[in-house]
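Visitor: Numbering (the numbering used here), first residue to last: 1 to 123. In this text, a Cβ means the ideal position worked out from N, Cα and C, and glycines have one as well. Remember, predicted model here, so these are calculated numbers, not experimental data. First the structure, which I've put down as structure tokens, then a few questions once you've had a look.
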Amino acid sequence: MTPDEAEEVYAVRAALERLAARLAAERATEEEVAELDSIVDTMAAELDRGARRTPPARPRPRLPRPDLPPGPHPPTVRRLGGGALAGPPVPADPRPARVRQLPRGGRRGASRAGAADQGNGTS
Numbered sequence: 001m002t003p004d005e006a007e008e009v010y011a012v013r014a015a016l017e018r019l020a021a022r023l024a025a026e027r028a029t030e031e032e033v034a035e036l037d038s039i040v041d042t043m044a045a046e047l048d049r050g051a052r053r054t055p056p057a058r059p060r061p062r063l064p065r066p067d068l069p070p071g072p073h074p075p076t077v078r079r080l081g082g083g084a085l086a087g088p089p090v091p092a093d094p095r096p097a098r099v100r101q102l103p104r105g106g107r108r109g110a111s112r113a114g115a116a117d118q119g120n121g122t123s
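Take a look at the structure:
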């Protein structure tokens, strides 16, 4: 994926997340708002602690956070009813995954092979 393609993907993702947050805010219960507040408080505390430390010489890899719910924004997604948004995140570049899902030879290749077999008397 090129830098321009990545920028496009993240621009669309940001727009979708803004829409999801708006919809979730309209539908949220008091418990869900409290859960989101707790997550924001945890993030703010992490930033405060990090602001007092010297940054590492090189960036550390991002590791899963067991203290936060899995996924990008699960309370928001749950509030929207789950559905397709509740599944695993889309890979940064979905093209390789899509290519692996395509049948080998495709339908055209299969129909040509069948026609060739019929044309030479082998069927």
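(1) For A28, which three-state DSSP category applies?
(2) Roughly how many angstroms separate the alpha carbons of D4 and R18, rounded to a whole number?
(3) Under the three-state reduction of DSSP, which class applies to M1: helix, strand or coil?
(4) With 16 as the cutoff for other CB atoms within 10 Å, does A24 come out buried or exposed?
Guide: Let's see:
(1) Position 28 of the sequence shown, counted from the first residue, corresponds to residue 28. In this structure, A28 counts as coil in the three-state DSSP scheme.
(2) Here residue 4 is taken as the residue at index 4 of the sequence shown, counted from 1. Here residue 18 is taken as the residue at index 18 of the sequence shown, counted from 1. Their Cα atoms are separated by approximately 21 Å.
(3) Locating residue 1 in the sequence shown gives position 1, counting from the first residue. Correct three-state label for M1: coil.
(4) Translated into positions along the sequence shown, residue 24 becomes position 24. A24 comes out buried.
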